[in-house]
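Using my numbering, read the sequence shown as starting at 9 and increasing by one per residue. Don't be surprised by glycine CBs; every beta carbon is placed ideally from N, CA and C.
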Amino acid sequence: MRYARPLTVLLLALAGLGRGAATVSAAPTLKGRAVWASPREAGTTEASVVAYVDQLAKAHVNTLIMELKTSAGLFWPSERFAPAVVAEYRDFDLPAILIRECHKRRIAFHVWFFDFAEGANSHVAQQHPEWLALSPDGKPTSTEILRGQPYRMAWMCPARRPGYTDQWLIPLIKEFAERYDVDAVHHDYVRYPGDLAPDTYCFCDYCLEAIPKYASYYSTTHPDDPLLGPWDRPHLEAHWERSPKVLPPTWKDYSREMKSRLLLEGSFFPGGNRDLDYFFYEYRAHQVAEFTRQVFEEVRKVKPKMEFSAAVFKNPVQSGRFIGQDWRRFSPWVQYLMPMDYRSHFGGDFETHLDLLAESIQQQKVWARDFPHLWPGVAAYQLYEEEREPLTRLRRLFRDGGKDVAGMQAAFDAVAGRLRTCAPELHDALAAYLKEPKDPEGVAQKLDAFFANVPEGYYPPERLTKTLERVRAQEVEGVVIFSSGGITSAKLWKAVEEFFDR
Ligand SMILES: [Zn+2]
C-alpha cells in the first residue's frame, strides 16, 4: 500500500500550486479506481459496450466490477448452465466484448457473482429445492415477508456437500474463469441472509447433522459416552476441555424445530450458560470462509494466477455474528478487500457519516492487515438522501391522489431552494399545485420526468468529492464507487473524472 511521505506531500502540493488552489492535495493519487456496475449499464450491442467503456476510461476508472451472476440469472451465454442464462444474453456475449474493450484501455475486469443469493424462481432454486437454506420450521427465505413485501431471494445453504456450493456455484465460477480472460472473481452475498433474519438460517437437514459434528457435541467413535471427568473445580464451564457430550440422549427423536432451538438457545452444560449460539455462529463463519478457500483452489487449478475480490460489510466482528461473514478469515483466498462503507451503513447526517467512515476505514486497515489490497467502497447515489427523499415522498403523495397538501408542503419546503435553481419549471409547478391543487396527474408526470433525467447539479457533486477525499485521506490503496449507473443518473461523471485525475 502507498503512504504519503513528507517529501511526496510537499512535491504534490507544489505541483498543485500551478493548477490553482482547488487542486492542491496532500494525499497520494489512488492506485485503485474502481466502479461496481450492472450489465444493463453497458447495454446489449457492441456499440453500447464501447461507449460505456469509453466513459469509464474518460473518468480514469481502472477497474470494472460487473455483476454477471445475480438473483436474476447469468449474463453470459453459458452452455453448461444454459437454462439459467438471462434471455437477452443467450446470443450476446457481453463479457467477451466488455473484457476486450476494457483491456484495450488498460481497465482490469472483475466478474461479480451473487454467491449464495438466488432469485426465488431461479432455475437452480426450482431444480434443487434440497439445496435451499431452511429456517427451524423448514422453510426457505423466499417464503418470508420483509417490510410488508414478499422476500424475493432464495438463499442457498453454503455448507451442504454435495449441494449448491460445490455442485453449482463453484463449477459456474470455474466455467467463467476458464472461458474468459478475466482478471479477478468478485464475491458478493458471500454470507447468510442477515438483512432478513440473523439467527434463522441454516437449519436444513445437512446443517442439523453438521453443526453438532463441527462443534464436537458428541464423539463419532463413542457416540453414547458422556465423556465426563471429575467435577473438581468450582466453575461449571471450567470442565469443558474433555469435550463432554452435549446432545441429549433423545436427540434423534427431536423435531427440526426442537433441534434448531437447542443448537441456538441450548447450553454446553445442563444448567450452565446458554452458550451454544456461539458454536452456531462459528459454524456459519467457517462455512462462508471455507467456500472462499474452496473456490480459490478450484479456480487456480485452471487459472493459476486468478485473483479474488470481495464486497464485505464494514465490521467483520459484527458481521461474523450476524451474517456469518467474518471476512478476516477470507485471507489468503481473497486479495482485494472491498468493504461496503456506504452511507446507509452509518447513522447520522452527512457530516457525521464522514467521521464514521474515516473511523471505520481506520479499523478496517487493522482487520485487513493480511490482505494485499484494501479498497473501501462508497455508494454515490446514497449520498443524496436529503435531495432525493422529499421528492420521492412527493411523488408517492401525488400517486395517492395529491390530497395531503400539508404533507406535500413539508416535502416541498425541504427541497424548494435547490429546485428553484436547478429545475425552475418543476419548482413553479409544485408551488402552483400547493396554492391551488389541480391536475395532480400532470404534476406527477413532471416529477417522473425529473427523476428520469435529473438536472445537472441537483445532486451536489461536492458531496461525492468530499466523501472520496475522506476515503483517500485514510491512506488506502484504492476506492470503489457503487455504481456506474448511480454516477450516470446523478450526473456525477465529471466529479469522478476530476477526482481520479488528481
Ligand atoms: Zn444448511
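Determine the DSSP secondary structure at residue i, reduced to helix, strand or coil.
i: P340; result: coil
i: T400; result: helix
i: V484; result: coil
i: D196; result: strand
i: T71; result: strand
i: A424; result: helix
i: E449; result: helix
i: L38; result: coil
i: T31; result: For T31, the pLDDT reaches just 47, beneath the cut-off of 50, and the residue's location in the model is therefore unreliable, leaving the point undetermined.
i: I153; result: strand
i: H136; result: coil
i: W120; result: strand
i: H381; result: strand
i: W239; result: coil
i: T228; result: coil
i: M314; result: coil
i: I489; result: strand
i: A415; result: The question names Ala, but residue 415 is Gly in the sequence shown. Of the three classes helix, strand and coil, the one that applies to G415 here is helix, per DSSP.
i: G81; result: strand
i: A95; result: helix
i: V254; result: coil
i: V43; result: strand
i: V479; result: helix
i: K112; result: helix
i: A498; result: coil
i: P469; result: helix
i: A319; result: strand
i: A125; result: strand
Can you give me the Cβ contacts of residue i inside the same chain, cut-off strictly under 8 Å, excluding the 5 residues immediately before and after it?
i: S227; result: D233, L235, S251, K253
i: M348; result: A319, V320, F321, K322, G385, A387, F490
i: N70; result: G40, R41, A42, R114, I115, A116
Could you give the C-beta distance for residue i and residue j, rounded to a whole number, given that I count them as a contact under 8 Å?
i: E395; j: Y466; result: 6 Å
i: M314; j: V488; result: At roughly 19 Å, the Cβ-Cβ gap does not stay under 8 Å, so M314 and V488 are not in contact.
i: F299; j: P201; result: Going by Cβ atoms, the distance from F299 to P201 rounds to 15 Å, so no, they are not a contact pair.
i: A92; j: V132; result: 6 Å
i: G280; j: E245; result: 6 Å
i: V198; j: D123; result: 5 Å
i: L382; j: E483; result: With 8 Å as the limit, L382 and E483 do not qualify as a contact, their Cβ atoms being about 10 Å apart.
Between residue i and the rest of its own chain, which residues show a CB-CB distance below 6 Å, the 5 nearest in sequence each way excluded?
i: E75; result: S46, W120
i: D412; result: L405
i: Q371; result: none
i: F288; result: L271, L272
Looking only at C-alpha atoms, which of the options sits nearest to residue i?
i: R351; options: F338, L365, G156; result: L365
i: G580; options: R403, G127, G425; result: Outside the shown range of the chain, which is 9 to 510, sits residue 580, and nothing can be said about it.
i: F1; options: E470, P432, A439; result: Since the first residue of the chain shown is 9 and the last is 510, residue 1 is not available in this structure.
i: V4; options: D436, N281, D196; result: In the structure displayed, the chain extends from 9 to 510; residue 4 sits before or after that span and is not available.
i: Q417; options: L438, L434, R407; result: L438
i: R168; options: L154, R199, D213; result: D213
i: S497; options: E485, P463, L472, E483; result: P463
i: L455; options: G493, R407, T473; result: R407
i: F277; options: R269, N129, H247; result: H247
i: P148; options: G156, Y209, R187; result: Y209
i: S492; options: L38, A67, T37; result: A67
i: G156; options: L204, P257, S339, A440; result: L204
i: P206; options: L140, S317, S327; result: S327
i: G409; options: Y392, F379, G450; result: G450
i: P340; options: F379, F507, K311, A141; result: F379
Just to confirm my understanding: we take residue i, look at its own chain, exclude 5 residues before and 5 after, and list those with CB closer than 7 Å. What are they?
i: E96; result: T52
i: K260; result: none
i: R264; result: P144, G146, F211, L216
i: T173; result: P166, F299
i: R337; result: A293, A297
i: W176; result: V132
i: A503; result: P469, L472, T473
i: T78; result: F122
Counting beta carbon pairs with one atom in the segment 54-70 and one in the segment 97-117, are three or more of them shorter than 8 Å? yes
The segment 369-384 in contact with the segment 418-427 per 3-pair CB rule at 8 Å: no
Please confirm if the segment 156-163 is in contact with the segment 108-118, defined as three or more CB-CB distances below 8 Å between the two stretches. no
Check whether the segment 473-481 and the segment 432-447 touch, using three or more Cβ-Cβ pairs below 8 Å as the test. no
Within the chosen definition, does the segment 328-339 reach the segment 284-301 through at least 3 CB pairs nearer than 8 Å? yes
Between the segment 218-226 and the segment 181-193, do three or more beta carbon pairs fall short of 8 Å? no
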